[in-house]
Each structure stands twice: as C-alpha cells, then as structure tokens.
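Student: My structure is below; once you've seen it, I'll send some questions.
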C-alpha cells in the first residue's frame, strides 16, 4: 500500500519583509488543486488571503486565512512559521 504524504505535516509558512510565503503544495492540497496552478490563481485574485498577528495570549503567533471558490482554510502558526492548527470550511460562496 502506498500513501501520499500530507503536505501539511512538515510545512511552514514563512514571513519575510512583511510578506507571507506559503508553499504552493500546501494550498493545492487544501483546495484540491495542482500546485502549478496556485501562483496564477493568486496573481489573478481567485485565491485571496488575509494575515493577522496574534494578540495578548497569542502574541508571537500569526494566522493566515485563504479563500478559493466555496472553501476557506485558516492556518495558525508559531513565530517560526510552524503550523500549529489548520481549519478548513465550506463558506457557501463562490
């Protein structure tokens, strides 16, 4: 039996110069897309995102939410970019 590794297992979301850098494989898996399609979908605004910094007891963490079609995925990350939680939902839009 062959299993495909989950790209979320070892993935990290990087922050550099005020920008968020997310592996295409991570979003492709979340939205059932080919990794090669992700950059164009982001450039054309079909995948959108929002980043937030943790406050109070969550200081040092950050959260990034992505939307595509009728789905969203939210990653909460430690300061070093390690993903500590992931929540996917059907938004009913798109």
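In the numbering used here, the protein residues as written are 3 to 96.
Beta carbons are placed, not taken as given, at the ideal position from N, Cα and C, and that holds for glycine.
Out of 83, 76, 36, 82, point me to the one whose CA is closest to residue 91's CA.
Tutor: 76
Student: With H, G and I counted as helix, E and B as strand and the rest as coil, what does DSSP make of residue 24?
Tutor: coil
Student: Consult DSSP for residue 82 and reduce its assignment to one of helix, strand or coil.
Tutor: coil
Student: Distance, Cα to Cα, residue 23 vs residue 83?
Tutor: 10 Å
Student: In terms of alpha-carbon separation, which member of 45, 26, 80 lies closest to residue 36?
Tutor: 26
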